[in-house]
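Take 63 as the starting number for the sequence shown in our numbering and just add one per residue. Here's the structure we're looking at; comments come further down.
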Amino acid sequence: MNNSNQDTSIEKTKMTMKKKKKNPYYLVFNISFWLITIALVLISSTIIPWDKVVPGSEYNFPLWLRITLSALYPIIILGLASLFLFYKQISIYYFTMYIFLVGLGATLMWLPQYIDNEVKWLLFPGDVAVVFGIYATMYFIATFTLTNVRVQTIRNYFLNKKIQKNHLTQNNEAIQNIPEDDQIL
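Take a look at the structure:
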């Protein structure tokens, strides 16, 4: 009797030791996320000015491009993270961590530049506080409202819509394939 209990505990240990295989797309996403985040923070030249990175360069993005990049960055990253959450490639915990890290990166992108001992804000004085507030709010909303039950409800809703759409297209194809003589006028 004791021997069978040991066998089952060994099997359970072996099962828990097996690592879940990650999706290769998620690995590419993770590497891309870190590279893009680091590149955008460095390009914004708020932490390290470009003339220190590349001596003699006066490379700065125009205002409209910095704002566009800081708007597209979270949309793309959080959109892809939402898809990974939807298809069960990441957990809710990792999704909220991506929100936190995107917020941190975006806040660093909006830090004011110091040019000739003068503070140069991106849009208006204190705009970094607004950006920080937006991302902090997103993080806390996601932390306190996202649960496995709610995510599963969203999955079921969209999967049911997809199934209904497939049935409708199959019915339409079946109706179109009926010979002319059999159709009701």
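A virtual CB, placed ideally from N, CA and C, is assigned to each residue, including glycine. These numbers come from a predicted model, not from an experiment.
With respect to the C-alpha of Thr199, the residue from Thr158, Arg128, Lys150 having the closest C-alpha is Thr158. Around the C-beta of Leu125, fewer than 16 other C-beta atoms lie within 10 Å, and the residue is accordingly described as exposed. Cβ neighbours of Val213 within its own chain (closer than 8 angstroms, five residues either side excluded): Leu147, Phe148, Ile154.
For Tyr176, DSSP records a beta bridge to Val181. For Gly165, the enclosing alpha helix (DSSP H) has its first and last residue at 154-171.
The beta carbons of Ser132 and Met171 sit closer together than 8 angstroms. Here Asn218 has no same chain residue with a Cβ atom under 8 angstroms from its own Cβ, once five neighbours each way along the sequence are excluded. The three-state secondary structure of Leu208, taken from DSSP, is coil.
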